[in-house]
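Structure first, then comments.
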Amino acid sequence: MLSYLMLICATVSWGGAFVAAKVVVGELHPLVAATGRFWLAFFCLLPFMLWKERGKAKVALKDWPILIFLGLTGVFLYNVLFFKGLQISAAMDGSLLVACGPVFTVVLSGIILKERINIRQALGFIISLTGVIVIVTKGHPASLVGWDLNPGDIMLTISVLAWSLYSIGGKIAMKSLSPVVSTTYALGIGAIMLTLAALPQLSGDIIHSMSYKSILGLGYLAIIASALGFVLWFVGIQRVGAGRASIFQNIVPLSGAILSIILLGEHLKSFHPLGGFLILGGVYLVNRPVHLIKGHPTVSIQKH
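Under the working numbering, read the sequence shown as residues 1068 to 1371, first letter to last.
The following block contains the structure:
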């Protein structure tokens, strides 16, 4: 029971990240917000890595290229697009669009890693992509003809592709490194990249110009959604397995949408449930176990 509670807390914290990020980018430049988030997250996660991994925290020279790739895609590119997109788009849109990440990951894994994609997964991709189109076009697909789209939604969709590349890189990295080590190093590398990109925007009075809401939001993103959320998720996966844990990822868009309505006063529109249903339906088809025992689907439990 405690293991499932950990997974729920982790996914709800990630859903809340969309609300917190929306608040923070109202006062800070996206690059500055992302830089602050990941330096804080790195220094929160570093002690956990040193305690958890002990002698395994040292990285071989051959592993640095993939760690740099993880920092570039999963921290730098994803978060620049994520924060910039939320400057323009609703937090609810972001939480629903990001939910299609597992589907994009499967498709890109087939292209890059040559992993087999079956008909059911291909159908799931098409259904999820339809849901993305519904969200991005606000329920009016005809707007694709004139490219009359919200640039924030486009950036959020591209951020999902960046995260999918990060996930694929993670599969490669974890052949020789643990999830804790690879994630901690990726956070540090990505934070350095973000700092270099944010230098023109950095000034000495940033903290003093922030309201208590944005300070709390940044703290939430770094400590709760990034560091604590990862630890809870990692421990939960160790206890129940990655197969069962993956089901809980569907809580992220649901909690993100609910919190956006409650805390930000965003309005649920007709295209949100439709788009969300299509996206999550596609995710279900992509992740649904193939093997059946006595007519009941089995849950594949794998350690990443």
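Yeah, the Cβ is synthetic: ideal placement off N, Cα and C, and Gly gets one too. Remember, predicted model here, so these are calculated numbers, not experimental data.
Run of the alpha helix (DSSP H) containing residue i, from where it starts to where it stops
i: GLN1154; result: 1145-1155
i: GLU1120; result: 1097-1120
i: MET1241; result: Run containing MET1241: none; DSSP gives neither H nor E here.
i: ILE1184; result: Looking at the DSSP string, ILE1184 is not in any alpha helix (DSSP H), and its letter there is neither H nor E.
i: PRO1246; result: 1246-1265
i: THR1078; result: 1069-1091
i: SER1327; result: 1318-1331
i: GLN1305; result: 1296-1307
i: TYR1279; result: 1279-1286
i: ALA1158; result: 1158-1164
i: VAL1350; result: 1338-1354
i: PRO1132; result: 1131-1137
Nearest-angstrom Cβ-Cβ length linking residue i and residue j, presumed shorter than 8 Å
i: GLY1138; j: ILE1256; result: 3 Å
i: LEU1285; j: ALA1100; result: 7 Å
i: VAL1142; j: TYR1252; result: Not quite, the Cβ-Cβ distance comes to about 10 Å (not below 8 Å), so this is no contact.
i: ALA1289; j: CYS1111; result: 7 Å
i: GLY1191; j: PHE1338; result: The pair is not a contact, with the Cβ atoms about 20 Å apart (cut-off 8 Å).
Alpha-carbon to alpha-carbon, residue j and residue i
i: ARG1121; j: MET1241; result: 17 Å
i: LEU1098; j: ALA1088; result: 12 Å
i: MET1260; j: TYR1233; result: 15 Å
i: SER1070; j: VAL1247; result: 18 Å
i: GLY1093; j: SER1278; result: 10 Å
i: ILE1179; j: GLY1236; result: 10 Å
i: VAL1199; j: GLY1342; result: 6 Å
i: LYS1336; j: ASN1317; result: 20 Å
i: LEU1072; j: LEU1113; result: 24 Å
i: ARG1187; j: THR1262; result: 42 Å
i: LEU1144; j: GLY1303; result: 27 Å
i: PRO1132; j: SER1249; result: 12 Å
i: ASN1146; j: SER1210; result: 27 Å
i: SER1195; j: VAL1350; result: 7 Å
i: SER1243; j: ILE1193; result: 34 Å
i: PHE1115; j: PHE1297; result: 11 Å
i: ALA1157; j: GLY1332; result: 10 Å
i: GLY1082; j: LEU1117; result: 28 Å
Proximal residues to residue i (C-beta, below 6 Å), its chain only, five neighbours per side dropped
i: PHE1109; result: LEU1254, GLY1255 and ALA1258
i: LEU1148; result: MET1222, ILE1225 and SER1226
i: LEU1330; result: VAL1086
i: LYS1280; result: VAL1090
Contacting residues, own chain, Cβ-Cβ under 8 Å from residue i (five flanking each side not counted)
i: LEU1228; result: PHE1171 and LEU1175
i: ARG1183; result: GLY1177
i: PHE1301; result: PRO1246 and VAL1247
i: GLN1268; result: HIS1096, LEU1098 and VAL1099
Residues of its chain near residue i, where Cβ-Cβ distance is below 7 Å and the 5 sequence neighbours each way are ignored
i: SER1245; result: GLU1120 and LYS1123
i: ILE1075; result: PHE1315 and ILE1318
Notebook entry, point to check: Okay, do the stretch 1162-1174 and the stretch 1307-1327 touch, 3+ Cβ pairs below 8 Å being the bar?
Noted result: Verdict: yes, contact present.
Check: Between the stretch 1145-1153 and the stretch 1218-1235, do three or more beta carbon pairs fall short of 8 Å?
Finding: With contact defined as three or more Cβ pairs closer than 8 Å, the stretch 1145-1153 and the stretch 1218-1235 are in contact.
Note to self: Count Cβ pairs between the stretch 1286-1296 and the stretch 1100-1108 that sit closer than 8 Å; are there 3 or more?
What the structure shows: Taking a cut-off of 8 Å for Cβ pairs, the stretch 1286-1296 and the stretch 1100-1108 touch, as three or more such pairs fall below it.
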